[in-house]
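Residue numbers (my numbering): 42 to 386.
Cβ coordinates follow ideal geometry from the N, Cα and C atoms, glycine included.
Data first, discussion second: the structure below is written as structure tokens.
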């Protein structure tokens with residue numbers, strides 16, 4: 042957006058926050074767009090189906106067990122009144138975060154925000170009920186049958202997220218651990234499973250330290266032709282156990298830290314990413330200082346911290362596993378194009 046359009050943007054957003062009209066006709070049209078997006082992004086993508094079903098299985102009570110876009114049954118039974126009720130309940134300036142990044146001056150942005158949002162009345166929000174996920178008491182395993190060309194493995198361990206950014210150490214250590222496992226072509230999973238053993242065609246580890254709710258440390262992989270998911274899972278577990286047992290060297294730690302920190306710094310070259318991170322931290326209840334000091338916290342992680350994080354959090358009692366069992370691919374009948382949805386051939 043152009044800098045001289047900032048005030049217009051705030052004016053439009055403030056009007057939408059207070060005066061949005063959700064008509065039955067427009068809602069019905071938009072609902073068809075959302076349903077088609079769900080078909081394209083989830084229902085027609087076997088790995089997305091695996092992820093969605095794993096989350097539903099891994100979380101017992103927390104809302105994270107439900108997909109953000111909703112199950113298709115949710116969408117099929119949603120009404121415009123549902124949206125109007127949600128808007129009246131939650132869409133309020135005291136329940137919103139405004140983030141602006143770019144060639145702007147903070148005092149001018151604050152003045153514009155006060156001008157356009159300051160007059161909007163706050164609303165009494167429903168009390169937020171406790172959403173503590175019960176401790177998992179044993180590993181979980183599901184098999185998903187879906188049309189696909191290749192099998193697929195997804196493993197997820199319940200893991201902490203950043204709450205006290207000054208005192209917490211595990212979230213930073215887990216981010217480094219993800220880099221140790223799959224940060225680049227010389228990382229442990231790629232080097233061992235893809236290059237040396239040739240048991241996988243791809244493998245990656247991921248962890249997001251910042252969330253309002255609970256977190257997951259995840260590893261996903263696709264077995265090489267002729268290799269089984271069971272053998273691939275065993276190979277992944279062997280690499281994890283090696284870190285739990287032997288730890289990592291100072292040289293490996295230094296190399297991975299440099300890569301992880303470089304990734305953090307390079308991402309901030311994007312104004313969009315700067316804004317997204319600030320908003321993410323604010324929504325999670327973390328101050329801007331926590332983001333500003335994130336690199337320092339990553340630099341402070343020790344080899345022992347990484348080993349301890351692997352020992353404490355990558356345990357079977359915290360683990361949920363999903364396996365994709367490929368089914369025969371069937372020709373799909375062409376679907377009607379839904380306005381507002383980009384179809385990629």
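- For the alpha helix (DSSP H) containing residue 126, list its first residue and its last residue. DSSP places residue 126 in the uninterrupted alpha helix (DSSP H) bounded by 121–131.
- Collapsed DSSP secondary structure at residue 263 in the structure displayed: Residue state, collapsed to three classes: strand.
- For residue 60, three-class secondary structure by DSSP: If DSSP states are grouped into helix, strand and coil, residue 60 belongs with the helices.
- Message: Once DSSP output is grouped into helix, strand and coil, what is the label at residue 354?
- Response: When DSSP states are grouped into helix, strand and coil, residue 354 belongs to the helix group.
- Per DSSP, which one or two residues make a beta bridge with residue 364? Bridge partners of residue 364: 184, 194.
- When you compare each of 193, 129, 271 to residue 162 by their alpha carbons, which one comes out closest? Answer by Cα proximity: 129.
- Message: Using a 10 Å radius around the Cβ and a threshold of 16 neighbouring Cβ atoms, would you call residue 386 buried or exposed?
- Response: Caution is warranted here: a pLDDT of 45 is assigned to residue 386, below 50, making its placement in the model unreliable, and no coordinate value can be reported.
- Task: Mind listing, in chain order, the continuous beta strand (DSSP E) runs of no fewer than 3 residues lying wholly within the region 233–264?
- Result: Runs found: 241–248, 256–264.
- Using the C-alpha atoms, what's the distance from residue 103 back to residue 236? Rounded to the nearest angstrom, the two C-alpha atoms are 38 Å apart.
- Query: Rounded to a whole number of angstroms, what is the C-alpha to C-alpha distance between residue 53 and residue 251?
  - Reply: Straight-line Cα distance between these residues: approximately 30 Å.
- Message: Please report the straight-line C-alpha distance between residue 216 and residue 315, rounded to a whole angstrom.
- Response: If you take the alpha carbons of residue 216 and residue 315, they lie about 19 Å apart.
- Query: Between residue 265 and the rest of its own chain, which residues show a CB-CB distance below 7 Å, the 5 nearest in sequence each way excluded?
  - Reply: So the qualifying residues of the chain are 239, 240, 241, 242.
- Task: Let me know the secondary structure DSSP gives residue 199 once reduced to three states.
- Result: Three-state result, residue 199: strand.
- Considering only C-alpha positions, which residue in the set 43, 45, 89 is nearest to residue 365? Taking each of 43, 45, 89 in turn and checking the Cα distance to residue 365, the smallest one comes out for 89.
- Query: Which word fits residue 389, buried or exposed, when buried means at least 16 other C-beta atoms lie within 10 angstroms of its C-beta?
  - Reply: Since the first residue shown for the chain is 42 and the last is 386, residue 389 is missing from the structure and cannot be characterised.
- Query: Excluding sequence positions up to five away, which residues of its chain have a Cβ less than 6 Å from the Cβ of residue 259?
  - Reply: Excluding positions up to five away in sequence, the list reads 197, 247.
- Message: Short of 7 Å in beta carbon distance, which residues of its chain neighbour residue 224, apart from the five on each side in sequence? Order them along the chain.
- Response: If we look at residue 224 and ignore the five residues flanking it on each side, its Cβ neighbours are 297, 300, 301.
- residue 337 to residue 305 span [Cα, whole Å]: The alpha-carbon atoms of residue 337 and residue 305 are separated by roughly 11 Å.
- Of the residues 218, 214, 199, 272, the one placed nearest residue 257, counting alpha carbons only: Ranking 218, 214, 199, 272 by CA distance to the CA of residue 257 puts 199 first.
- Compute the beta-carbon to beta-carbon distance between residue 342 and residue 293, rounded to the nearest angstrom, for a pair I have assumed lies under 8 Å. Residue 342 to residue 293, Cβ: 12 Å. No contact.
- Message: Mapping the DSSP letters down to three states, classify residue 385 as helix, strand or coil.
- Response: Interpretation of residue 385 is limited by its pLDDT of 47, a score under 50 that renders its predicted location unreliable; the figure taken from the coordinates is listed afterwards. The answer is coil: DSSP assigns residue 385 none of H, G, I, E or B.
- Message: Measuring straight from C-alpha to C-alpha, what distance separates residue 125 and residue 170?
- Response: Roughly 22 Å separates the two Cα atoms.
- Query: Does the Cβ of residue 244 lie closer than 6 Å to at least one heavy atom of the ligand NAP?
  - Reply: This structure does not include the ligand NAP; it has no bound ligands of any sort.
- Task: For chain B, find out if any of its Cβ atoms is closer than 7 Å to the Cβ of residue 112; answer yes or no.
- Result: Reference to chain B is not applicable here, since this structure consists of a single protein chain.
- Query: With a CB to CB cut of under 7 Å and the five nearest residues on each side skipped, what residues in its chain are close to residue 204?
  - Reply: Hits under 7 Å: none found.
- Report the residue from 106, 101, 143, 93 whose alpha carbon sits nearest the alpha carbon of residue 313. Answer by Cα proximity: 143.
- Where does the unbroken alpha helix (DSSP H) through residue 100 begin, and where does it stop? In this chain, residue 100 is not harboured by any alpha helix (DSSP H), its DSSP state being neither H nor E.
- Message: For residue 194 and residue 262, which I take to be in contact (beta-carbon distance under 8 Å), what is that distance rounded to the nearest angstrom?
- Response: At roughly 5 Å, the Cβ-Cβ gap stays under 8 Å, so residue 194 and residue 262 are in contact.
- Note down the Cα distance separating residue 282 from residue 333, rounded to an integer number of angstroms. Rounded to whole angstroms, the gap between the alpha carbons of residue 282 and residue 333 is 34 Å.
- Message: I'd like to know whether the C-beta atoms of residue 353 and residue 288 end up nearer to each other than 7 Å.
- Response: No, they are not a contact pair.
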